[in-house]
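**Student:** From first to last, the protein sequence lines stand for chains Z and C.
Quick note on numbering: the working numbering labels position 77 of the first sequence as 77, and the sequence is numbered without any gaps.
Quick note on numbering: the working numbering labels position 6 of the second sequence as 123, and the sequence is numbered without any gaps.
Can you keep this structure in mind? I'll have questions shortly.
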Amino acid sequence: EAQVTQNPRYLITVTGKKLTVTCSQNMNHEYMSWYRQDPGLGLRQIYYSMNVEVTDKGDVPEGYKVSRKEKRNFPLILESPSPNQTSLYFCASSFNIWGASGANVLTFGAGSRLTVL
Amino acid sequence: DAKTTQPPSMDCAEGRAANLPCNHSTISGNEYVYWYRQIHSQGPQYIIHGLKNNETNEMASLIITEDRKSSTLILPHATLRDTAVYYCIVRVGGYGGSQGNLIFGKGTKLSVKP
């Protein structure tokens with residue numbers, strides 16, 4: 001089944017304890033992206049990756065890191081989590097950005113709910 | 118990518134058509150309009166997309182104005198299960214610009230009532 005898989009789905013952690021949220025897709029998609037969702041603020045983009053070894057900042061990148069060493073994986077790293085990073089996180093992917101518009105349809109993961117105490 | 122403007126919330130009676138508007142006045146010639154929806158806190162799901170012609174699929178219809186500055190998503194017979202947040206975004210179909218920075222915003226919360 002074609003899908004985007006995020007882990008963990010739920011996590012409670014403490015301030016300053018490094019954590020990684022993994023994202024993996026099995027569709028050979030080039031483009032991958034991370035979003036966070038907070039009440040009243042909608043979906044905000046954190047980082048995105050156009051292809052392997054190509055990443056760029058979205059609208060709210062502070063406090064996060066990403067890497068794209070292989071096409072299928074795009075982990076989100078919180079080096080020193082803080083309570084303001086408590087949020088619902090979504091990973092998404094699509095085949096590419098340019099070219100046929102149908103290839104630009106984003107597939108989202110189920111979400112990872114993170115609480116930082 | 119161009120930004121979009123949507124009303125924060127709308128109500129619709131079950132069985133009636135739901136018409137969700139979206140303004141994208143700065144859209145450029147090679148930008149497509151995409152609609153997604155998010156039910157509860159699930160991952161957003163794709164609904165439909167279009168460039169300048171009206172489009173229809175099994176879920177919805179998309180009407181794009183001739184000047185392409187706005188569009189309307191139509192759910193022809195809304196059901197309670199259509200209660201969700203609906204996002205309108207625009208996305209370039211060709212090379213150029215900051216392609217990867219996709220802005221979803223807050224969307225429109227549609228409440229379908231019995």
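For every residue, glycine included, the Cβ atom is placed at its ideal position computed from N, Cα and C.
1. Which residues, in chain order, does the region 150-162 of chain C contribute to contact with chain Z at a C-beta distance below 9 Å?
2. My understanding is that Q25/Z touches V4/Z, with C-beta atoms under 8 Å, so please give their C-beta distance in whole angstroms.
3. How many whole angstroms separate the CB atoms of G109/Z and F90/Z, which I take to be in contact at a CB cut-off of 8 Å?
4. Taking the beta carbon of A195/C as the centre, do at least 16 other beta carbons fall within 10 Å, making it buried, or is it exposed?
5. Among R133/C, A134/C, E183/C and C129/C, which has the Cα closest to the Cα of I144/C?
6. Please classify L219/C as buried or exposed, where buried requires at least 16 other C-beta atoms within 10 Å of its C-beta.
7. Alpha carbon to alpha carbon, how far is V66/Z from R133/C? Give it in angstroms, no decimals.
8. Establish whether the CB of R185/C and some CB of chain Z are separated by less than 8 Å.
9. Determine whether the Cβ of G16/Z lies closer than 8 Å to any Cβ atom of chain C.
10. Mind listing which residues of the region 21-33 of chain Z have their C-beta closer than 9 Å to chain C's C-betas, in chain order?
11. Tell me N51/Z's beta-bridge partners as DSSP assigns them.
12. The beta strand (DSSP E) that contains A135/C, what's its start and end?
13. Contact criterion: CB-CB distance below 8 Å. Does K223/C meet it with respect to chain Z?
14. Nearest-angstrom Cα distance between E70/Z and A135/C?
15. For Y204/C, collect the residues of the same chain with a Cβ closer than 6 Å to its Cβ; drop the 5 residues on either side in sequence, then sort them by chain order.
16. Let me know if G213/C comes out buried or exposed under the rule of 16 or more other beta-carbons within 10 Å of its beta-carbon.
17. Looking at the C-beta of G217/C, does it have a partner C-beta in chain Z at a distance below 8 Å?
18. Name the two residues that bound the continuous beta strand (DSSP E) containing E148/C.
19. Can you list the beta strand (DSSP E) stretches of 3 or more residues lying completely in the region 168-229 of chain C, in chain order?
20. Determine the burial state of S94/Z: buried for a count of at least 16 other Cβ atoms within 10 Å of its Cβ, exposed for fewer.
21. Output, in chain order, the set of chain C residues within a Cβ distance shorter than 8 Å of Y89/Z.
22. Could you give the distance in angstroms between the alpha-carbon of N51/Z and the alpha-carbon of Q37/Z?
23. What would DSSP say about Q85/Z, mapped onto helix, strand or coil?
24. Taking the alpha-carbon of I164/C as reference, which of S158/C, N170/C and N174/C has the nearest alpha-carbon?
**Tutor:** The relevant details are as follows:
1. So the list reads Y151, Y153, Q155, S158, Q159, G160, P161 and Q162, given in the order they occur along the chain.
2. 5 Å
3. 6 Å
4. buried
5. E183/C
6. buried
7. 45 Å
8. Closer than 8 Å: no.
9. no
10. Y31 and S33
11. Note: N51/Z sits in a beta bridge opposite V54/Z.
12. A135 to N140
13. yes
14. Each residue's alpha carbon lies about 42 Å from the other.
15. Y153, F221 and G224
16. In this predicted model, G213/C has a pLDDT of only 47, less than 50, meaning its place in the structure is not dependable; the value taken from the coordinates is given anyway. Its Cβ having fewer than 16 others within 10 Å, G213/C is exposed.
17. Interface residue, yes.
18. E148 to Q155
19. 178-181, 187-192 and 201-209
20. buried
21. Under the 8 Å cutoff, chain C gives no residues; its nearest Cβ is about 11 Å from Y89/Z.
22. 24 Å
23. Three-state result, Q85/Z: helix.
24. N174/C
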